[in-house]
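Residue numbers (my numbering): 32 to 227.
From the three backbone atoms N, C-alpha and C, an ideal C-beta is built for every residue, glycine too.
Quantities reported herein were computed from a predicted structural model and do not represent experimental measurements.
Structure, rendered in structure tokens:
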């Protein structure tokens, strides 16, 4: 039976926004992020990360580093009894330096390729699912995939909310302080709409 899922951006939503994370020492989970993931786990929501990592195509770091960072993420979450169910990332950028990744793809957000990959691996009810991110691009992805979009004020969130969002057509259904606040809203919304 299909279940609603919560799709999560990475940089600025789960961890500190550091620009391109080109070394494991630059990866730091945001306060309450693990607690938020744990809440999703306890309430049987698949927690699925979808992230653009164009630093690979730009030649800033090898793709192996992305996998290393994600292994570190899993370890840090596990230490707080939380678990990401799926990790999907796009290494592409059409104007990149590395030919292998310098392609126009269908997985770079706000395109829906990463969501489609997740739907092949999980039984997901997209109409009852959510997208949480710190940029208007994440809200465009939510719109394109038919998800409820929630913006967080962490990462690029505050600036995007103040200066970019007013001109955008695709608005979030909720603006949250952080991921934990977003997850609490999701759980309340899920209960309110009777989605089980």
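Three-state secondary structure assigned by DSSP to residue i
i, result
"residue 120", "strand"
"residue 144", "helix"
"residue 71", "helix"
"residue 134", "coil"
"residue 139", "coil"
"residue 151", "helix"
"residue 175", "helix"
Span separating the alpha-carbon of residue i from that of residue j
i, j, result
"residue 215", "residue 181", "12 Å"
"residue 276", "residue 205", "Outside the shown range of the chain, which is 32 to 227, sits residue 276, and nothing can be said about it."
"residue 227", "residue 89", "Only weak support is given to the placement of residue 227: the predicted model assigns it a pLDDT of 42, under 50, and the question is left unresolved by the model."
"residue 200", "residue 163", "17 Å"
Contact set for residue i: own chain, Cβ-Cβ below 6 Å, skip 5 residues either direction
i, result
"residue 49", "57"
"residue 146", "176"
Residue i vs residue j beta-carbon contact at 8 Å
i, j, result
"residue 143", "residue 165", "no"
"residue 68", "residue 113", "yes"
"residue 125", "residue 135", "yes"
"residue 43", "residue 187", "yes"
"residue 160", "residue 55", "no"
Neighbourhood of residue i by C-beta distance below 7 Å, restricted to the same chain and skipping five residues each side
i, result
"residue 47", "59 and 61"
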